[in-house]
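Asks:
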Amino acid sequence: MLVTALTAVIAGATAVVAPTSATAAPRTCTTGDNLVPTCGVLWGGAAGGFTSTPRDQALKTWEKASGRTATIFHQYHKGDEVFPTKSEIAMTQDPANPRVLLENWKVAEGSTWAKVAEGEQDARIDAFAERAKAYGKPFFLALNHEPENDVIAKKGSGWEAKDFAAMYRHTIQRLEAQGVDNVVNVMAYMGNEKWMAQSWWKDLYPGDDVVDWIGLDSYSSVEKGYYHHGDFASLLDRKPKNGGQGFYDWAASKHADKPFMVAEWGAYHRVGKNTDKSALYDNVVPELKKRPQIKAIVHFDTRKDDQGDRDISIDSTKASLASFQKLAADPIFNVKIG
Numbered sequence: 220m221l222v223t224a225l226t227a228v229i230a231g232a233t234a235v236v237a238p239t240s241a242t243a244a245p246r247t248c249t250t251g252d253n254l255v256p257t258c259g260v261l262w263g264g265a266a267g268g269f270t271s272t273p274r275d276q277a278l279k280t281w282e283k284a285s286g287r288t289a290t291i292f293h294q295y296h297k298g299d300e301v302f303p304t305k306s307e308i309a310m311t312q313d314p315a316n317p318r319v320l321l322e323n324w325k326v327a328e329g330s331t332w333a334k335v336a337e338g339e340q341d342a343r344i345d346a347f348a349e350r351a352k353a354y355g356k357p358f359f360l361a362l363n364h365e366p367e368n369d370v371i372a373k374k375g376s377g378w379e380a381k382d383f384a385a386m387y388r389h390t391i392q393r394l395e396a397q398g399v400d401n402v403v404n405v406m407a408y409m410g411n412e413k414w415m416a417q418s419w420w421k422d423l424y425p426g427d428d429v430v431d432w433i434g435l436d437s438y439s440s441v442e443k444g445y446y447h448h449g450d451f452a453s454l455l456d457r458k459p460k461n462g463g464q465g466f467y468d469w470a471a472s473k474h475a476d477k478p479f480m481v482a483e484w485g486a487y488h489r490v491g492k493n494t495d496k497s498a499l500y501d502n503v504v505p506e507l508k509k510r511p512q513i514k515a516i517v518h519f520d521t522r523k524d525d526q527g528d529r530d531i532s533i534d535s536t537k538a539s540l541a542s543f544q545k546l547a548a549d550p551i552f553n554v555k556i557g
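Residues in the sequence shown are numbered consecutively from 220, following our numbering.
What follows is the structure in structure tokens.
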């Protein structure tokens, strides 16, 4: 565990007499140790994916459209890229709109998971460690999110599931050895039923001692009959094809002490097949209230995904945008950065 305890300070908290039930002030939710909210759910976003628009500008546009500032600003990096970037840091220094970073880093770019675990990229890790310490503020770090998609289940490939776990452990332990204490580690899965059914899937997990949050990147279609059609609950509950627990139930039972983050989520339809997304958006808060382990959700917004055929934007229809704005306004997301 890399992050030190944060002190939750509530401005103006000088009252010494508790309010009566008739005049009780609303409970204030803040982030505490490992950025876990004391109540409520952290609200996050990543916007402008697969476009040339600067991500900070894209997020601000998305925030304006949705009506709420994203407490979590999700970004993606690989290899020797220098991050946090100046623009990312600036996004966390806005006193009117405080945000925390969620940085995804593919440490093994140009190498392999196995080689990283053996120390080949220690200079790369150490350089990041110095930047992380210089930044100073707590932030989330997901190492090679969605590793299932990158596994090459062949002995000696360097990309076996066990190699991912070793890479993850080595990277986090080296950061710790370098004195980094402001990074909160997120193990972010795809949670796809195909991958969960693989015999090697269980070998991906690097160990509770180097994981602070369990993450899930998952989406649902709003087109009936199309791949992964369903509501918000369906993207949390996909089960391995050979039987077993759905992803959320697996995390909640096998790693009950780990907060759960939906590190990427969204509703999609095929490009040009504009379909109302309201039913999925309307399902989010009821599901969050039934699943107390979920402490953060981070929407991924783009008009075309990496395959160019899925629209995951919140405003592909007017009704969709209105429903998303209603979702964003829910008080469950009223969490202050402590």
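Even for Gly, the Cβ is constructed at its ideal location relative to N, Cα and C.
Work out the CA separation of Lys421 and Pro303 for me, nearest whole Å.
Replies: 31 Å
Asks: Which of the three DSSP states is assigned to Glu322 in this structure?
Replies: strand
Asks: How close, in whole Å, do the beta carbons of Val430 and Ala351 come, if the pair is a contact with beta carbons under 8 Å?
Replies: Incorrect: roughly 17 Å between the Cβ atoms, too far for contact.
Asks: For Ile308 versus Gly263, is the C-beta distance shorter than 8 Å?
Replies: no
Asks: To test your reading of the DSSP string, which unbroken alpha helix (DSSP H) runs of 4 or more residues are found completely within the segment 242-311?
Replies: 274-285, 305-310
Asks: Taking 6 Å as the limit between beta carbons, can you name the residues of its chain near Phe479, skipping five residues before and five after?
Replies: Ile433, Ala470, Gln512, Ile513
Asks: Just tell me which of Ala486, Pro425, Gly259 has its CA closest to the CA of Asn553.
Replies: Gly259
Asks: Cα-Cα, which of Thr311, His488, Arg287, Asp275 is closest to Arg522?
Replies: Here the closest residue by C-alpha is His488.
Asks: Does the Cβ of Asn461 have 16 or more other Cβ atoms within 10 Å, making it buried, or fewer, making it exposed?
Replies: exposed
Asks: Quick check on this structure: which residue in Asp369, Pro459, Asp428, Asn493 has the alpha carbon closest to the alpha carbon of Lys558?
Replies: Outside the displayed span of the chain (220 to 557) sits residue 558, for which this structure offers no information.
Asks: Excluding five sequence neighbours on each side, which residues of the same chain lie with their C-beta closer than 6 Å to the C-beta of Ala333?
Replies: Gly377, Asp382
Asks: Pick out the complete beta strand (DSSP E) segments inside the segment 428-480, 3 residues or longer, and give them in chain order.
Replies: 432-440, all fully within the segment 428-480.
Asks: Going straight from the alpha carbon of Phe451 to that of Asp468, what length do you get?
Replies: 15 Å
Asks: On the DSSP letters alone, give me the boundaries of the beta strand (DSSP E) that Phe347 sits inside.
Replies: No beta strand (DSSP E) contains Phe347, which is instead part of the alpha helix (DSSP H) from 341-354.
Asks: Which residues in the same chain have their Cβ closer than 6 Å to the Cβ of Asn323, if we skip the five residues on either side of it in sequence?
Replies: Tyr295, Ala361, His364
Asks: If contacts are defined as beta-carbon pairs under 8 Å, then Ala284 and Arg318 qualify, I think. What distance do you get, rounded to the angstrom?
Replies: About 17 Å separates the two Cβ atoms, so there is no contact after all.
Asks: Which residues does DSSP pair with Phe552 in a beta bridge?
Replies: Partner(s): none; Phe552 has no beta bridge.
Asks: Flag Gln340 as yes when its Cβ comes closer than 7 Å to any non-hydrogen atom of the ligand ATP, and as no otherwise.
Replies: The ligand ATP is absent from the structure shown, which contains no ligands of any kind.
Asks: One question on the structure: do Lys391 and Asn411 come within less than 8 Å of each other, judged by their Cβ atoms?
Replies: First, the residue type needs correcting, since residue 391 is Ile and not Lys in the sequence shown. In this structure, Asn411 does not lie closer than 8 Å to Ile391 by Cβ.
Asks: Ser437 and Val490: beta carbons closer than 8 Å?
Replies: The criterion of a C-beta distance shorter than 8 Å is not satisfied by Ser437 and Val490.
Asks: DSSP on Lys492, reduced to helix/strand/coil?
Replies: coil
Asks: Glu506 and Leu455: beta carbons closer than 8 Å?
Replies: yes
Asks: To the nearest angstrom, how far is the alpha carbon of Gly527 from that of Glu282?
Replies: 23 Å
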